[in-house]
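> Take a look at this one; I'll ask things after.
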Amino acid sequence: MRAAAELGITKVRLTGGEPLVRLGLVDLVSSLAAVPGVDDLSMTTNGILLPRYATALAEAGLQDVAQDIIRREIQERPKILVVGGKDGFSSPLVESAIGLAKRVACEIVALNCVPTGTEARKRSSASGEELFKDFHSRASTAVQLFASRAAEEGVHFRHVVKQGTVGSCVRELENEVSRLSFVLTESDSAQQGRFEASIPVFSVNK
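Laid out in structure tokens, this is it:
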């Protein structure tokens, strides 16, 4: 394999028969992943034995299995949806969300909703697309403190910006994100938004 890599071969796929029945497969994957120049190592499998070997193969350097494990872990991880108010995410909301996420081992999905309709247009003469881009940029900057605090506490975190009312954005995410356990928002946002969700909604006082 080293000779092939020196000739410019960078992608390697293990096929079969069925590679997972081969003795020493994990060691083979580890040795192939260590070859300088090999930057794409994958495998074709029927998947029957994959649950038994997936973690070891991923750690050995089998990239497509590693990516599949990461995707599966993200999908199966329970999540808290934290809805920011018009001023972003207040300190009480941030600390409450992080505390809850640590206690119940949840990922935080932080949501900002871009105002739409006549209310948004009254504030600006810009087009809807320009408003969204401007809001998205400001929200992505403002959420950095929240993201940093989550990282400090070892809490998985992601940030989402959507356009619409709080209620419509929450309902959208309920359909898009698996295992949302509950919604956490500020009390004034909950009162102003008056939204319904299929999961529990809790509010935090500023």
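Residue numbering for the sequence shown follows this note's numbering, beginning at 321 and increasing consecutively. No residue lacks a Cβ here, since even glycine has one placed at the ideal position from N, Cα and C.
#1: Mind checking which residues open and close the beta strand (DSSP E) that includes Phe502?
#2: Let's see if you can read the secondary structure: which residues bound the alpha helix (DSSP H) around Asp347?
#3: Applying the 10 Å Cβ sphere with the 16-neighbour rule, what's the burial state of Asn366?
#4: Tell me whether the beta-carbon of Ser523 lies closer than 8 Å to the beta-carbon of Thr505.
#5: What does Ile428 pair with, by DSSP beta-bridge criteria?
#6: Ala374 to Leu493, Cα distance in whole Å?
#7: Can you list, in chain order, the residues of its chain with a C-beta nearer than 8 Å to that of Asp407? Leave out the 5 residues immediately preceding and following it.
#8: Examine chain E for any beta-carbon lying closer than 8 Å to the beta-carbon of Ala380, and answer yes or no.
#9: Near Glu427, what residues of its chain come up, given a Cβ to Cβ distance below 6 Å and the 5 sequence neighbours on each side ignored?
#10: How is the beta strand (DSSP E) around Arg333 delimited, first residue to last?
#11: How close, in whole Å, do the beta carbons of Val355 and Leu377 come, if the pair is a contact with beta carbons under 8 Å?
#12: Does the distance from the CB of Gln464 to the CB of Val434 come in under 8 Å?
#13: According to the Cβ coordinates, are Val385 and Leu431 closer than 8 Å?
#14: Report all residues from its chain with a CB closer than 6 Å to the CB of Leu334; omit the five preceding and five following residues, and keep chain order.
#15: Run through DSSP, which three-state label would Lys482 get?
#16: Determine the burial state of Leu340: buried for a count of at least 16 other Cβ atoms within 10 Å of its Cβ, exposed for fewer.
#17: Check whether the Cβ atoms of Ala353 and Gly381 lie closer than 8 Å to each other.
#18: Going by beta carbon distance, what residues of the same chain come within less than 7 Å of Ser410, once the five residues before and after it are set aside?
Walking through what the data contain:
#1: Leu500 to Glu506 is the extent of the beta strand (DSSP E) around Phe502.
#2: Here the alpha helix (DSSP H) through Asp347 covers Leu345 to Ala353.
#3: Burial call: exposed.
#4: Taking 8 Å as the Cβ cut-off, Ser523 and Thr505 qualify as a contacting pair.
#5: Note: Ile428 sits in a beta bridge opposite Ile400 and Phe477.
#6: Using only the alpha carbons, I get a separation of about 30 Å.
#7: Non-local C-beta neighbours of Asp407 in its own chain, meaning closer than 8 Å and more than five positions away in sequence, are absent.
#8: The structure shown has no chain E; it contains just one protein chain.
#9: Cβ neighbours of Glu427 beyond the five flanking positions: Arg397, Lys399 and His476.
#10: Note, Arg333: beta strand (DSSP E), Lys331 to Leu334.
#11: 16 Å between Cβ atoms; not a contact.
#12: It is not a contact, given that the beta carbons lie outside the stated cut-off.
#13: No.
#14: If we look at Leu334 and ignore the five residues flanking it on each side, its Cβ neighbours are Met363.
#15: In the three-state reduction of the DSSP assignment, Lys482 falls in the strand class.
#16: Its Cβ being crowded by 16 or more others within 10 Å, Leu340 is buried.
#17: Yes. Within cutoff.
#18: For Ser410, the CB contacts under 7 Å within the same chain, skipping 5 residues up- and downstream, are Glu506 and Lys526 in chain order.
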